[in-house]
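To start, the structure itself, in structure tokens.
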Amino acid sequence: MSRCVIISGSPDCTFFPALRPDDYVIACDYGLHHAHRAGIRPNLLVGDFDSFHDLPDADIPTLRVKPEKDDTDTGLAVQQGMKLGYRDFYILGALGGRLDHQLANLHTAASIALSGGRCVLESDDTLVCTVHNDELIVPRRTGWALSVFAWGGEARGVDLENVKYSLQGASLSCDYPIGVSNEFEAETAVIRVRDGLLFVVLSDRSHEK
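The opening residue of the sequence shown carries number 68 in my numbering; numbering runs sequentially from there.
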């Protein structure tokens, strides 16, 4: 199955990698502005359009909702992707900007993982991956730190291989960030979790003083 790419509305969205020919693209509210800047034509528009005040593109299918709703625009976009059968999600414009929106986007990523899918959120200096009861192979990024955090409760049976600070069968909790700021020791790092949900965060260290 091809990938569902979601372009969310973070004001800090400047990162647009080359997309795959078979990507299905959903733009959320102000994410349509980002898509226009990047020359990307979405397959679907979703949102209440409270932060993008121009009329949405009339020739693109649009799901327009009221501002008074329980889900974020990004969450609604994920729901639409799920209904279309997608389980592999790549989200741009979801990091940076307001902290509450970033946390909401992490919750959305967690919901994808817990429902059997995979999710990656990426910006120019941060990449976040989910792994739930599974193994994740992470290619080295020179000059980037690798961190691993439990989400939603204890994560048990955690292995970290090919990194400076390895773990074997460890338990990670939400109240002690033991997995922060690790380093690659090989061309790929291996992260496994037997029972639980992890966020794997890669951070560009070139901006550090």
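We treat Cβ as the ideally placed atom computed from N, Cα and C, and that holds for glycine.
Keep in mind that this is a model prediction, so the values were computed, not measured.
- Item | Member of 186, 263, 268 whose CA lies at the smallest distance from the CA of residue 256 | When each option's Cα is compared against that of residue 256, the closest is 268.
- Under 8 Å Cβ to Cβ from residue 162, same chain only, skipping five residues before and after it: list those, please. Hits under 8 Å: 77, 79, 169, 172, 188, 189, 190, 193, 195.
- Would you decide whether residue 85 is buried or exposed? Buried here means 16 or more other CB atoms lie within 10 Å of its CB. Per the 10 Å Cβ criterion, exposed.
- Message: Tell me the rounded alpha-carbon separation between residue 197 and residue 233.
- Response: So the two alpha carbons sit approximately 19 Å from each other.
- Message: Going by DSSP in three states, residue 271 sits in which element: helix, strand or coil?
- Response: Residue 271: strand per DSSP, three-state reduction.
- Does the beta-carbon of residue 279 have 16 or more other beta-carbons within 10 angstroms, so that it is buried, or is it exposed? No information on residue 279 is available, as it lies outside the stretch 68 to 276 that the chain covers here.
- Message: Contact between the stretch 224-238 and the stretch 173-182 is defined here as three or more beta-carbon pairs at a separation below 8 Å; is this criterion met?
- Response: No: fewer than three Cβ pairs fall under 8 Å.
- Given a cut-off of 7 Å, decide if residue 214 and residue 263 are closer than it, judged by their beta-carbon atoms. No, the Cβ-Cβ distance between residue 263 and residue 214 is not below 7 Å.
- Touching by the beta-carbon criterion (3+ pairs, under 8 Å), the stretch 177-184 and the stretch 86-98: Segments in contact, no.
- Member of 250, 209, 261 whose CA lies at the smallest distance from the CA of residue 217: Shortest Cα-Cα distance from residue 217 to any of 250, 209, 261 involves 261.
- Would you mind stating whether residue 249 and residue 225 have Cβ atoms separated by less than 7 Å? Not in contact: residue 249 and residue 225 (Cβ atoms no closer than 7 Å).
- Task: Starting from residue 214, follow the alpha helix (DSSP H) in both directions and report where the run begins and ends.
- Result: If you look at residue 214, you'll find it isn't in any alpha helix (DSSP H); it sits in the beta strand (DSSP E) that goes 211-217.
- Item | Residue range of the unbroken alpha helix (DSSP H) whose run includes residue 176 | 166-181 is the span of the alpha helix (DSSP H), which, as asked, contains residue 176.
- Query: What is the DSSP secondary structure of residue 105, counted as helix, strand or coil?
  - Reply: Helix.
- Task: Can you check DSSP and say which residues form a bridge with residue 237?
- Result: Looking at the DSSP assignment, residue 237 forms a beta bridge with 225.
- Task: Classify residue 184 as helix, strand or coil using the three-state DSSP reduction.
- Result: When secondary structure is reduced to three states using DSSP, residue 184 falls in the coil class, being assigned neither helix nor strand.
- Using alpha carbons as the reference points, say which of 252, 243, 270 lies closest to residue 228. Nearest Cα to residue 228 within the set 252, 243, 270: 252.
- Task: Note down, in chain order, each residue of its chain lying with its Cβ closer than 6 Å to the Cβ of residue 271, except the 5 sequence neighbours on either side.
- Result: Taking residue 271 as the centre and dropping the five residues before and after it, the same chain places the C-beta of 192, 211 closer than 6 Å to its C-beta, in chain order.
- Output the distance between the C-alpha atoms of residue 240 and residue 199, rounded to the nearest integer angstrom. Take the alpha-carbon of residue 240 and the one of residue 199: they are about 14 Å apart.
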